[in-house]
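Q:
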Amino acid sequence: MSSYLLAVSISLLGWWLSTGIILYLNLLPSRSHAWSVGGFALLALASLALLPGIAGQHSQSAAIAGFAVALTVWGALEISYLMGFLTGNNSQPCPAGINGWQRFRLAVATSIHHELAVIACGIAIIALSWEAPNQVAAGTYLTLWLMRWSAKLNLYLGVSNFNEHWLPERNRYLVSYMRTRAMNWLFPFSVGLATIAATLLALEASGADNAVDRLAASLVCTLLALAILEHWFLVLPVRDSALWQWAITAADRVRARTSQRTTARKPPACKVAAMPGAKAATNTTSGQGTRSPAF
């Protein structure tokens with residue numbers, strides 16, 4: 001298999017599968033979220049521990065491993081944010097009539113702890129692979145980081161297509177900081193600059209004199225191209241959620257089974273005998289499903 005085809009296949013599979021797994025776990029009942037965040041955190045720590053050895057190797061397998069390390073660390077950050085465990089110091093909807101710098105400040109405050117964690121993990125990945133021959137983990141992470149910030153800014157300024165139903169109920173206040181409009185001034189610059197960067201990476205891959213460097217540049221280039229595609233999903237009337245319908249359907253089935261078990265455990269309604277001179281009363285006790293601790 002050529003380096004190009006291998007890189008495109010791995011990037012596509014990694015992007016599609018990792019997004020689906022995060023979406024599936026995110027849509028499960030909230031009492032499972034702490035386990036998901038904890039599991040991803042352990043995987044991220046293990047990946048960072050292995051990174052110096054991976055970055056020191058100049059081989060195709062090491063390039064693929066570096067790509068996997070960055071995806072794992074990024075997945076841990078994303079799932080902790082989406083599940084509300086690592087967000088910010090503002091968990092309130094945007095007040096009516098707030099605009100300009102004050103609105104932006106409040107919007108940043110909703111995710112400031114997450115953004116600081118993103119920066120810290122980025123510094124860690126760069127430091128652990130500093131001057132190493134394999135820079136795929138650093139390149140992959142920087143691509144995810146910058147394109148994620150670009151997407152967030154575009155959501156803040158206004159886009160026409162956003163899957164807000166992917167957010168758990170506890171995070172729905174974030175929608176109040178997003179605007180709905182066909183286009184914003186930042187979008188052309190975001191897509192344009194990213195396209196230039198992807199073109200340069202493609203040229204680097206085509207000019208590489210060995211299969212390892214060709215694979216490394218192609219992995220990051222393909223991921224960047226997918227991030228550009230996700231930007232276009234924000235403004236085009238495309239039902240991109242169909243790509244991960246398998247994850248949504250699987251999570252719906254788990255929630256339905258959980259709801260059935262919860263309903264089955266509810267105590268039956270008991271009727272209270274009417275007292276002389278009083279109306280008959282019915283006292284119904286309803287059970288409630290358990291929820292994860294407040295964050």
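Going by the UniProt record's numbering, the letters in the sequence shown line up with residues 1 to 295, in that order. Virtual Cβ for every residue (Gly too), placed ideally from N, Cα, C. If you're wondering where the values come from, they're calculated on a predicted model, not measured in any experiment.
Look up T180 in the DSSP assignment and say whether it is helix, strand or coil.
A: Position 180 of the sequence shown, counted from the start, is the residue given in the question as residue 180. Looking at T180 - three-state DSSP - the assignment turns out to be strand.
Q: Output needed for L23: all residues of its chain with C-beta closer than 6 Å, excluding positions within five of it in sequence on either side, in chain order.
A: Numbered from 1 along the sequence shown, position 23 holds the residue referred to as residue 23. Result list for L23: W244 and A247, in chain order.
Q: Quick check: what's the CA-CA separation for S59 versus R179?
A: Taking the first residue of the sequence shown as 1, we reach residue 59 at position 59. Taking the first residue of the sequence shown as 1, we reach residue 179 at position 179. Looking at the two C-alpha atoms, the distance is approximately 45 Å.
Q: Does the distance from the C-beta atom of L219 to that of S47 stay below 8 Å?
A: Counted from its first residue, the sequence shown places residue 219 at position 219. Counted from its first residue, the sequence shown places residue 47 at position 47. If you check the CB distance, L219 and S47 do not come in under 8 Å.
Q: L234 to V159, Cα distance in whole Å?
A: Start at 1 with the first residue of the sequence shown, and residue 234 comes out as number 234. Start at 1 with the first residue of the sequence shown, and residue 159 comes out as number 159. Spanning the alpha carbons of L234 and V159 requires a straight line of approximately 6 Å.
Q: Would you kindly report the start and end of the unbroken alpha helix (DSSP H) that includes Y141?
A: Taking the sequence shown and counting its residues from 1, one reaches residue 141 at position 141. Y141 -> alpha helix (DSSP H) spans V136 to L157.
Q: What does the alpha-carbon distance come out to for the pair A264 and M83?
A: Start at 1 with the first residue of the sequence shown, and residue 264 comes out as number 264. Start at 1 with the first residue of the sequence shown, and residue 83 comes out as number 83. Taking the straight line joining both Cα atoms gives about 27 Å.
Q: So L186 and L153 are supposed to be a Cβ contact under 8 Å. How far apart are they, rounded?
A: If you number the sequence shown from 1, residue 186 lands on position 186. If you number the sequence shown from 1, residue 153 lands on position 153. Contact flag correct, Cβ pair sits at about 6 Å.
Q: Mark V238 as exposed unless 16 or more other C-beta atoms lie within 10 angstroms of its C-beta, in which case mark it buried.
A: For the purposes of this step, residue 238 is taken as the residue at position 238 of the sequence shown. That one is exposed.
Q: Mind checking which residues open and close the alpha helix (DSSP H) that includes L42?
A: Position 42 of the sequence shown, counted from the first residue, corresponds to residue 42. Where L42 is concerned, the enclosing alpha helix (DSSP H) stretches over H33 to A55.
Q: E204 lies in the alpha helix (DSSP H); which residues open and close that run?
A: Residue mapping note: residue 204 aligns to position 204 of the sequence shown, counting from 1. Element bounds for E204: L186 to G207.
Q: Here's the rule I'm using: 16 or more other beta-carbon atoms within 10 Å means buried, otherwise exposed. How should Q260 be labelled?
A: By one-based count along the sequence shown, residue 260 stands at place 260. Flag for Q260 reads exposed.
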